[in-house]
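Counted the way our numbering counts, the sequence shown spans residues 159 to 350. Everything on this sheet refers to the single structure shown next.
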Amino acid sequence: MILTNEFLSRESVKRDISNASETRILNENYAVFSQKESYDLFISHSFFDKKLILTLIDLFNNADYSVYVDWINDKTLDRNNVSPKTAKVIKNRISDCKGLSYIATGNITNSKWCPWELGLADGMLNGRSCILPVMEETVTFKGLEYLGLYPFIEYEKVRNKNIYEFWVIDQGDSSRYVSLRNWLNGATLERH
159 MILTNEFLSR ESVKRDISNA SETRILNENY AVFSQKESYD LFISHSFFDK
209 KLILTLIDLF NNADYSVYVD WINDKTLDRN NVSPKTAKVI KNRISDCKGL
259 SYIATGNITN SKWCPWELGL ADGMLNGRSC ILPVMEETVT FKGLEYLGLY
309 PFIEYEKVRN KNIYEFWVID QGDSSRYVSL RNWLNGATLE RH
């Protein structure tokens with residue numbers, strides 16, 4: 159399924175992602191991931207989607223993926239004082255990841271950084287950049303047609319198991335897909 163705001167809102171409630179639990183999630187993730195030298199995914203997103211991102215972090219962690227999120231893993235980066243040093247840190251963090259997921263929401267359309275991160279990762283990570291659309295009825299990506307170049311992520315239950323997995327799917331042919339884990343490790347999209 160393509161994730162929706164409605165689904166993520168339900169998951170947020172179910173997973174108790176609130177202001178009180180935010181500290182717990184941030185502390186758990188910061189403690190775990192600050193010691194890592196590499197991550198599975200760099201999460202490119204709008205900070206205005208903070209609660210949604212916290213829910214996604216929890217979904218990714220439960221599926222056993224490590225994710226890099228700038229305001230969690232690099233608390234010293236100052237969003238109010240962006241400089242070339244900021245860009246260098248982000249560039250280095252992208253190189254520390256196996257892939258990048260561009261969280262496509264209505265808020266990301268106003269970001270100056272996210273398109274740069276997506277293009278940079280596409281070149282640096284041998285095409286391991288993908289789109290994770292979070293659908294709303296009113297969202298359009300007019301002017302962002304370049305997003306059609308990238309595969310997208312869906313979140314589905316694994317057949318005959320009670321676990322969920324993220325799947326990378328070809329935008330032009332939905333019969334071509336692979337698990338996110340295999341894709342991050344170099345597998346290509348296969349026809350099923």
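Idealized CB from N, CA, C, for every residue including glycine.
Give the DSSP-derived three-state secondary structure of Gly277 in the structure shown. helix
Please report the Cβ distance between Asp254 and Tyr197, rounded to the nearest whole angstrom; I am assuming they are in contact, meaning their Cβ atoms lie under 8 angstroms. 6 angstroms
Cβ shell of Val247 (< 7 angstroms), same chain only, five flanking positions each side left out: Asp232 and Leu235
Smallest Cα separation from Met376: which of Asn318, Glu348, Leu342 and Met293? Absent from the model: residue 376. The displayed extent of the chain is 159 to 350, so no value can be given.
Do Tyr313 and Phe324 come within 8 angstroms of each other at the CB atom, strictly closer than that value? yes
8 angstroms contact criterion, which Phe200 and Ile266 should meet: CB distance rounded: The pair is not a contact, with the Cβ atoms about 14 angstroms apart (cut-off 8 angstroms).
Excluding the 5 residues flanking Lys172 on each side, which residues of the same chain have their C-beta closer than 6 angstroms to its C-beta? none
Assuming the contact rule is C-beta atoms closer than 8 angstroms, Tyr304 and Ser287 should be a hit. Round their C-beta distance to whole Å, please. Actually they do not touch by this definition, with Cβ atoms about 11 angstroms apart.
Give me whichever residues DSSP pairs with Ser167 in a beta bridge. Answer by DSSP bridge pairing: none, since Ser167 is not bridged.
Can you tell me the Cα-Cα spacing of Asn284 and Thr346, whole angstroms? 12 angstroms
Closer than 8 angstroms, CB to CB, is Asp198 near chain C or not? Judged by its chain identifiers, the structure shown contains no chain C, having just a single protein chain.
Bounding residues of the alpha helix (DSSP H) (the contiguous stretch that carries Val247): Pro242 to Ser253
Tell me whether Ile321 sits in a helix, a strand or coil according to DSSP, three-state version. coil
Residues in the same chain with beta-carbon distance under 6 angstroms from Arg349, minus the five sequence neighbours each way, listed in chain order, please. Ser333 and Arg334
Excluding the 5 residues flanking Val326 on each side, which residues of the same chain have their C-beta closer than 8 angstroms to its C-beta? Cys288, Pro309, Phe310, Ile311, Tyr335, Val336, Ser337, Leu338, Trp341 and Leu347
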